[in-house]
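Written out below as structure tokens is the structure these notes cover.
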Amino acid sequence: MYDFILHCDWLKMSKYLYLSCFLSLVLILSSQGHQYGQYSYARSNEDGRLAGDVQNWAILIQNYILQVTSDGLQTQWTQKFYDLANYTIDIKNGSKTIEKVQGILGDYFTKKEQAAKRIVKKIADLHSKFTANNSYEHLFELDIDEYKDADIPKRLPKPLVFNPYFKQNVSMTKSTVKISDEVPRDDNKTIQTILMFQGLDEVFTSNSKKDPLLRWQYFGSSEGMVWTFPGREWDTNFAGFYNDYDPRVRPWYIAATSGPKDVVIIMDCSYSMKGKKFEITKQVVNAVLSTLTKQDYVNVICARASHWDEVGKWHYYNTEVLSCKDDRLVPASTAHRKDLNEKTGNLVPGGTSELKKGFEKAFELLTGPSRTGCQTLIVLITDGQDTDGEHVRCGPGYYTRSGYVPGPICRYNWTKVFDFVEQMNKNMNPKTRIFSYLTNSAGEEFPGKLACDNGGHMRKLEDGTNLISQMSDYFDFLVTNSVTQEGLWTAPYLDAWGLGLMVTYAIPVVSTSSKKLLGVVGIDATLDEIENLIVSEKWGSVYAFLINKEGETIFHPLLKPSSKLSDDPIFITISKLEQRDGKPEEFSQVENDMKAGKSGFKYIKEAVRGVPKGDFSDGVKVLIMPATYYYTSLNQSDYSFAFSLADTDSTFRRSNEPQDKSSLPMSVFNILTEYNSSLARKRLKKDGKILYYLMDIKNKEPRYKGLTVTYKHSSIKFAPKCYCNPNKFIFDDDLGQKTVVAHEFMNGNENPGCPNGTFEKNIKADVLITSQIEAIWKKRNFDLLKDVKWTYIGCRSGVFRTYPGHRSSRPYDPTKRPWYHRVIVSPHKTSISTAYMDAAGAGKIISISQAIFEGMQTRNKSECEGNEGQLIMGGCVCTHDSDCASSRCYVSDAPSYTDRSRPRCAMERVEAVTSLDILYNDFHKAVYERMEASDGNHSCEAKYPCPDGEPGCQTRCYLFDKNANIVIDTDFLEATALDERKYKRVSLGKKEGEVMHDLIYKHQFFVRKEQIDFQGSCSVSPYAPKASLQGIPMTPGELDDYYKTKGPTPSFSNSFGCIQDVVGYQANDSVVEANGIITGNVSGPCKSGFYYVSALPKTNLYLLVIENWRNTKEKTKYFNFNCKITNAIAGTGAFRIINGTCAHNDDKQSLAQQDKCPMINDIEVPCLYSGADTTLVQRKLLLLLIFITFITSSYL
């Protein structure tokens, strides 16, 4: 029980998990005494009768899986080919590697910055030399060559040609201009701006030639227009209308012009704000938050107070700071902005006006420990009313003989707010400016006086539409108050134009004559490109990561790729990935040095390394081992990167190509259709015949719908990291050329390697070594061969061979796949996946995988004997798997050993993972055939009377993996392939909550594991299965071409980015090993029965059999809430954390303290408001009329 209490992190968990843990505790306590109703554990003497059968079934199923694996994968042959291979030992130097990558990446960033500065110079020149031309009254009068419009098809540059580098149709010679909907097109200023900057194409095209890796180049003008190169048609919404885009309110524009700032938003949340006024308030908050960047600090305050109502009822309200950090400002990161937006959206108006308290909290935040200190702003949204109506009373009321008399109506004295703000602002440096927004009300005096007395502006908002235009005073102030001409790199974000996760170098353009802001230049760089440049230098277990100067992780192998993100990413500090509970402490020096832009290296004896166990939800296997971090900054940019080298990575064994290649079969590149291209027909021939006609390529094979395959050959796919220039490969659409180059490389004699060749030098060895397995795969003949969909092998180098030969998607990397990771964390076991839908539409399949170890290394006697008392190293003689550090003992065919009859330990490194995919239904059938009970009555799925004589009992059987995911369940047979949630990664706790609960808390067989996913995905609406695969890109070719064929209308998304608590379980093998089997008896609100759990020790699976299984929840026709709770308590999954942003404390010095604030213009903002509140005047006139009437009546 105490272990359970420790596992439940009561302070940090979500409300749902809090309830789950609490109910679990109740169940545990109730189970430790006598029976309590129908939900207690049954008496221990109610033993089952299938213990012997279950252990026998586990052996039979394991033997079946191993036989299928042996017959299907022929792993022993692949291992033999690697054992027979020659290896070269490379001595690696971390310092030289970091230097090399620094040069590559530093040059990458420098080129982007230089390109931006050339555009800035060109814009300044065009502005200084421009002479106004007033001969045009309308924009459409301009010549087509003077003005290319992204919103007018007739004015788009011709031709627009599809470019894979930009994933859309573009013009590589002309830019296009996008004019914001807020900008009047026929205004003379608009026309003159278009004419002024028509010469930008010259510098755009020149930049593209100097740096082929340039992405979008653009210039956002201060007049509300943006020039984009390459030229493109603007994107549309669901209705087909062009989306609006105003560069002046984009974060990259404001970040480059406004400088760092501290912003507090005060919302009037009182009862008078209900309805439309409060909706406008929320929209204003969203507009302000959306334009803040990572360099800013922010918080939101909901101001109100408690009151009585007209019948004397007390209503409690309090002024509150919305962020979970309620004592300070928070960085305006993606995480905090999402958090504040969501909390704002959930607010409901109520309470009486209490804005003095709101301003008190605002100034506390602005002078608190977390801020920039450069410029301070308060944005106030209110209706300006000094009363909240008849419903809101400032007293409890009282009773008289005549009845109840309500308390007085609350009326607020604004003077105390004026006095307080004036007093506080005297001590602020710089002074706090207040921008007030009146929500559709006539009460201008209060917000107007606050704004005008404090250097701001007041604006009445009639509705929530076109807020950017209505709040122009605020945004104009932001871009003119700060004086800076320095560029900066933005935080990563998902590109709205379809290029994935990227960062932007933004730099303001200032007129050389008037010194006024002309606009901002932006140059984009994608993180995919940056990652590819880094990982090209990896080897062995080496990994790399990239962080910014705040310590936020931009790239790390444990983070999700941009293709898996639902929204702009929430980045986490590198310490959360490289430390566990603050250990090792030495890594803090690495982190601090990297944030400071220093270079160096640090050896850490107990470094933390995380290895994914499969899918992200499976968690990470944490390894503690000696490692050295080599780190450096990237020139003058905001980024630093590091490599982590384990001690074993200092020497790296690299397989060599076989010396005799004469007997090796031809290797085929995976894009089979391109063998019929004109280039391939010309250059790829065999015995004078065109190779394509000899390959027996099939286009309409029933088993592989929509795919082109060949049974005559396996095929090779190279991961991007196999190429010397991964980015060129990814975006090269000349598939014919790509196929010919790959084919000639694989089958020719030349292998120059990088930088002179196309491919990394070491990958050819994997191509040739694995080619030998092709003939063996083709000769296989066993019962389930007809059900095997694919057989394949993924090498650590990125080489991927599959049979039958077929195409794989362009970015496919086998080393990043779940089946690969599952084997890497337990290489001595055969790994079986949960069921999933085949990409080619063949239905439900599972994958069975095994490790191929690095070729056996020769060990002399002294090396092996020096290992006494420890696990035996690879290459030394062993007796059992348990003797070895690799947990694998086998007879090797390595040529260096004279005595090949003695088994030896496998090497610790995994060279490759081999796998096969098999249809689920057939695998299920074969497994169930092996579970026949010795008594003939209690076999799996057999039905029989219960021990109490009642009908309805049966024997239920499951296979589940180490992470408590069900692999085999009878219910999966009935689930359609389209409804993946019913069979893919189904938690054991979801189906058998009582048994799972018992295994966790009674037997400690499962250990609860939690991790925070800062890049999670939450659904807007409940899950629903796919109705059809029609229209969804599924085949590799369709996936590769999707960005060509997707059309202009954006696809619907049901998800959004969020922070999640990912809850999972890890099996503890030692619990089963002690007795060979776990047994228990459960009776609960869902199910009852006697269960057995037995391991399949050579695999990652366990067998669960439940005898006398009875579905107790079906006894009632009402919804069984207790059953729902029971299953949820022991279930796995990702649960949203509402206050997930609370985890980080910002304790660094402010920019003002570091003397890094830009100069402030201290401009004067025009400010006007109506001097009196018309509602107040009306009340005074009414009182005067009453007084006159009273005097008159008294006189009469």
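Numbered by our numbering, the letters in the sequence shown go through residues 5 to 1200 in order.
All C-beta atoms in this analysis are idealised placements derived from N, C-alpha and C, irrespective of residue type, glycine included.
From a predicted model like this one, the values you see are computed outputs, not experimental measurements.
Enumerate in chain order the residues of its own chain whose CB-to-CB distance from residue i is below 7 Å, with the five nearest sequence positions on each side excluded.
i           : result
residue 124 : 511, 513, 525
residue 30  : Residue placement at residue 30 cannot be trusted, given a pLDDT of 44 that sits under 50; what the coordinates show is reported in the next sentence. Contacts found: none.
residue 548 : 538, 539, 542, 645, 646, 647
residue 595 : 555, 578, 579
residue 351 : 273, 306
residue 189 : 143, 183
residue 83  : 856, 857
Could you check whether the Cβ of residue i sits closer than 7 Å to any heavy atom belonging to the ligand COA?
i           : result
residue 466 : Absent from the structure shown: the ligand COA. Ligands present: none.
Starting from residue i, follow its DSSP beta bridges and name the residues at the other end.
i           : result
residue 556 : 577
residue 182 : 230
residue 893 : 909
Go through its chain and collect everything with a Cβ distance to residue i's Cβ below 6 Å, but skip five positions before and after it.
i            : result
residue 659  : 89, 91, 769
residue 1110 : 960, 1093, 1095
residue 895  : 907
residue 150  : 202
residue 553  : 599, 642
residue 675  : 739, 743, 811
Do you know offhand how far residue i's Cα is from residue j's?
i            : j            : result
residue 431  : residue 260  : 29 Å
residue 224  : residue 249  : 10 Å
residue 1069 : residue 998  : 15 Å
residue 18   : residue 1129 : With a pLDDT of only 46 at residue 18, under 50, the local geometry of the prediction cannot be trusted, and the value read off the model is given with reservation. Those two C-alpha atoms are separated by around 16 Å.
residue 786  : residue 1072 : 35 Å
residue 827  : residue 544  : 16 Å
residue 1066 : residue 1012 : 11 Å
residue 1039 : residue 805  : 17 Å
residue 742  : residue 862  : 39 Å
residue 399  : residue 320  : 13 Å
residue 1043 : residue 707  : 20 Å
residue 749  : residue 288  : 60 Å
residue 253  : residue 222  : 15 Å
residue 1104 : residue 723  : 27 Å
Which whole-angstrom value describes the C-beta separation of residue i and residue j, a residue pair presumed to lie in contact below a C-beta threshold of 8 Å?
i            : j           : result
residue 970  : residue 986 : In fact, because the Cβ distance is near 11 Å, the residues do not count as touching under 8 Å.
residue 541  : residue 731 : Not a contact, Cβ separation roughly 15 Å.
residue 625  : residue 834 : Their Cβ separation, rounded to whole angstroms, is 18 Å, which puts residue 625 and residue 834 out of contact at 8 Å.
residue 662  : residue 780 : About 16 Å; that fails the 8 Å criterion.
residue 771  : residue 684 : Residue 771 to residue 684, Cβ: 18 Å. No contact.
residue 143  : residue 198 : 7 Å
residue 1135 : residue 991 : 5 Å
residue 422  : residue 454 : 7 Å
residue 921  : residue 794 : 5 Å
residue 931  : residue 65  : 6 Å
residue 326  : residue 304 : 4 Å
residue 390  : residue 408 : That belief does not hold up - the Cβ atoms of residue 390 and residue 408 are roughly 25 Å apart, past 8 Å.
If you drop the 5 nearest sequence neighbours on each side, which residues of the same chain put their C-beta closer than 8 Å to that of residue i?
i            : result
residue 1081 : 55, 58, 59, 1096, 1097, 1098
residue 467  : 280, 284, 444
residue 219  : 169, 170, 503, 506, 527, 528, 529, 530
field: 3-residue-minimum beta strand (DSSP E) runs that sit fully inside the stretch 429 to 503, ordered along the chain
entry: The stretch 429 to 503 is shown to contain whole beta strand (DSSP E) runs of 3 or more residues at 436 to 443, 461 to 465, in chain order.
Alpha helix (DSSP H) runs wholly inside the stretch 169 to 227, at least 4 long, in chain order: 192 to 200, 205 to 214
message: At 4 residues or longer, what runs of the alpha helix (DSSP H) sit wholly inside the stretch 229 to 267?
response: 255 to 262
- request: Return the chain-ordered ranges of every alpha helix (DSSP H) run that is complete within the stretch 96 to 156 and spans a minimum of 4 residues.
  value: Counting only runs of 4 or more, we get 98 to 133.
field: Ordered list of alpha helix (DSSP H) runs contained in the stretch 325 to 355, each at least 4 residues
entry: 338 to 349
message: As an exercise, report each continuous alpha helix (DSSP H) stretch of at least 4 residues that is fully enclosed by the stretch 910 to 981, in chain order.
response: 924 to 932, 974 to 978
- prompt: Hey, which unbroken runs of the beta strand (DSSP E) at 3 residues or more fall wholly within the stretch 275 to 317?
  reply: The stretch 275 to 317 contains these whole beta strand (DSSP E) runs: 301 to 307.
- request: Note down, one range per segment and in chain order, each alpha helix (DSSP H) of at least 4 residues found wholly within the stretch 820 to 856.
  value: As for any alpha helix (DSSP H) of minimum length 4 sitting wholly inside the stretch 820 to 856, the runs are 822 to 829, ordered along the chain.
- prompt: What are the start and end residues of each continuous beta strand (DSSP E) run of 3 or more residues lying completely inside the stretch 736 to 805, in chain order?
  reply: 792 to 799
message: Quick check on the DSSP output: what are the complete beta strand (DSSP E) runs of length 3 or more inside the stretch 1085 to 1123, in order along the chain?
response: 1091 to 1100, 1105 to 1115
- prompt: What are the uninterrupted segments assigned as beta strand (DSSP E) that are 3 or more residues long and contained completely in the stretch 605 to 665, given in chain order?
  reply: 624 to 637, 643 to 650, 655 to 659
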